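Accompanying notes for the structure given below.
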Amino acid sequence: MKPLVLTMGEPAGIGGEIALGAWTRRSSGIPIFAMIDDPARLRAIADKLGLTVPLREIETLAEAVKVWPTSLPVLPIRLAAPSMPGRPDPRNADAVLGSIEAAVRLVQDGEAAALVTNPIQKHVLAEAGFKHPGHTEFLAELAGPGTVPIMMLACPGLRVVPVTVHVALKDAVRMLDADRILTAARITATALRRDFAIDRPRLAVAGLNPHAGEGGLFGREEIEIIAPALDQLRREGIQVQGPLPPDTMFHLGARATYDAAICMYHDQALIPLKTIDFERGVNITLGLPFVRTSPDHGTALDIAGTGRASAESLIAALSMAAQMAAARRGS
1 MKPLVLTMGE PAGIGGEIAL GAWTRRSSGI PIFAMIDDPA RLRAIADKLG
51 LTVPLREIET LAEAVKVWPT SLPVLPIRLA APSMPGRPDP RNADAVLGSI
101 EAAVRLVQDG EAAALVTNPI QKHVLAEAGF KHPGHTEFLA ELAGPGTVPI
151 MMLACPGLRV VPVTVHVALK DAVRMLDADR ILTAARITAT ALRRDFAIDR
201 PRLAVAGLNP HAGEGGLFGR EEIEIIAPAL DQLRREGIQV QGPLPPDTMF
251 HLGARATYDA AICMYHDQAL IPLKTIDFER GVNITLGLPF VRTSPDHGTA
301 LDIAGTGRAS AESLIAALSM AAQMAAARRG S
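Read in our numbering, the sequence shown has 252 at position 252, and its numbers run on one by one without any break.
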């Protein structure tokens, strides 16, 4: 299998140290990956944290396989300003974005099996002129016209997809419509078949209101928006149940009845997932022409450089990216 490619992320965050930590556990079967990063930054992190991680600058991703057993392979990109843990610098925005752009080119050209992204600091990039809300929208632009990205969060035992994502709750309710639900469900069903090798995906769809509206007593969105969308999905041959009461669809027995849960807003999806398995959550972008995963946590500026950051979510993201890439290849 071809190597994975891992982006730099926010240089002042924990991305570098969790990447170094992941490489030290390579004997446990972690997929081969190469970083697009500033080698000087990574060496400084390793020295500060006392990590024995030899680095090897490479010119092509194909070199990563040979280098991997003894060194962490790095495709170099240079920072414009020194990186200080916990103190982001907008001057480094070009390198952060350049790392993502270079990684996308590698997966588009077939040199990398999949893309794994370290967390970015969105407001710092915005100060430097970045116009996207986050990774997902930027990756969709890089992927090309017609790309509709959908965010999935996954951990062992649960996959969730929010229909509305990074908006205020009042705006999520206002934005909710049948078309958004249909798009999220269709793309999710396709991804479950293509990237997770599930022949007959089963979707569970949450209601918006308490008790899924209680027959209109607590709101009519289930009757007027969600249920008609589910009827359309059934006509298309997609297995779907709902709208379900959100407070009863995430216990162990309920989770066994579906392959992914479609949720109406951000926290409805992320609270159960992060409660079930906070450290091994993975952020996945569905709808792209390539596989992309990311740790399901932020830059953790408050603990950057302390050695307290856990590499578990990154390791889970690397492993899931490799599994999805293998499924997509049909192996």
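The beta-carbon is built from N, C-alpha and C at its ideal position, and this holds for glycine as well. Quantities reported herein were computed from a predicted structural model and do not represent experimental measurements.
Practice prompt. Using 10 angstroms around the beta-carbon of residue 80, count the other beta-carbons present and answer buried if the total reaches 16, otherwise exposed.
Written response: exposed
Fill in: residue 234, buried or exposed, once every other Cβ within 10 Å from all chains shown has been counted against 16
exposed
Worksheet entry | Of the listed residues 268, 236, 238 and 239, nearest to residue 249 (C-alpha basis) | 268
Fill in: Through-space distance from residue 13 to residue 88, alpha-carbon basis
8 Å
Practice prompt. Rounded to whole angstroms, what's the CA-CA distance from residue 71 to residue 53? Just pull it up for me.
Written response: 7 Å
Worksheet item: Any chance the stretch 116 to 127 sits against the stretch 293 to 307, with 3 or more Cβ pairs inside 8 Å?
Response: yes
Worksheet item: Are the stretch 283 to 292 and the stretch 138 to 157 touching by the rule of at least three beta carbon pairs closer than 8 Å?
Response: Contact holds: three or more Cβ-Cβ distances are below 8 Å.
Worksheet item: Would the beta-carbon of residue 225 fall within 9 Å of that of residue 198?
Response: For residue 225 and residue 198, no; Cβs fall outside 9 Å.
Worksheet entry | Ranges of the beta strand (DSSP E) found wholly within the stretch 265 to 316, counting only runs of at least 3 | 282 to 286 and 292 to 295
Worksheet entry | Strand pairing of residue 262, partner residues [DSSP] | 161 and 205
Practice prompt. Output yes or no for whether 9 Å exceeds the beta carbon distance between residue 67 and residue 35.
Written response: In this structure, residue 67 keeps its C-beta atom at 9 Å or more from the C-beta atom of residue 35.
Worksheet item: Mapping DSSP to helix, strand and coil, what is residue 224?
Response: Per DSSP, reduced to three states, the secondary structure at residue 224 is helical.
Worksheet item: What is the residue span of the beta strand (DSSP E) that residue 242 lies within?
Response: 239 to 244
Practice prompt. Can you say whether residue 17 is buried or exposed, counting buried as having 16 or more other CB atoms within 10 angstroms of its CB?
Written response: buried
Fill in: Residues of its chain near residue 207, where Cβ-Cβ distance is below 8 Å and the 5 sequence neighbours each way are ignored
213, 221, 222, 226, 242, 243, 244, 245, 246 and 264
Worksheet item: Counting along the chain, where does the alpha helix (DSSP H) carrying residue 124 start and finish?
Response: 122 to 127
Worksheet item: Rounded to a whole number of angstroms, what is the C-alpha to C-alpha distance between residue 236 and residue 43?
Response: 53 Å
Item to complete: Could you check which residue in 94, 140, 85 and 124 has the C-alpha nearest to that of residue 104?
Response: Of 94, 140, 85 and 124, the residue nearest in Cα terms is 140.
Fill in: Terminal residues of the alpha helix (DSSP H) in which residue 57 lies
Premise fails: residue 57 lies in the beta strand (DSSP E), 55 to 57, not in any alpha helix (DSSP H).
Item to complete: Could you tell me which residues DSSP puts in a beta bridge with residue 72?
Response: 55
Practice prompt. With residue 195 as the anchor, note down where its alpha helix (DSSP H) starts and where it stops.
Written response: 178 to 196
Worksheet item: Hey, out of 320, 112, 329 and 136, whose CA is closest to residue 29's CA?
Response: 320
Worksheet item: With distances taken between CB atoms, is the gap from residue 39 to residue 10 smaller than 9 Å?
Response: no
Discussion item. Helix, strand or coil, according to DSSP, for residue 199 in the structure here?
Written reply: Reduced to three states, the DSSP call for residue 199 is coil.
Worksheet item: So residue 4 is in the alpha helix (DSSP H); what residue range does that whole segment cover?
Response: No alpha helix (DSSP H) contains residue 4, which is instead part of the beta strand (DSSP E) from 4 to 6.
Discussion item. Could you check whether residue 325 and residue 4 sit closer than 9 Å to each other, using their CB atoms as the reference points?
Written reply: yes
Practice prompt. Find the nearest neighbour of residue 189 within the set 176, 150 and 85, judged by alpha-carbon distance.
Written response: Nearest neighbour of residue 189 by Cα position, chosen from 176, 150 and 85, turns out to be 150.
Worksheet item: Starting from residue 35 and walking both ways along the beta strand (DSSP E), at which residues does that stretch end?
Response: Here the beta strand (DSSP E) through residue 35 covers 33 to 37.
Item to complete: Look at residue 291 and residue 148 and say whether their C-beta atoms are less than 9 Å apart.
Response: In this structure, residue 291 lies away from residue 148, with their beta-carbon atoms at least 9 Å apart.
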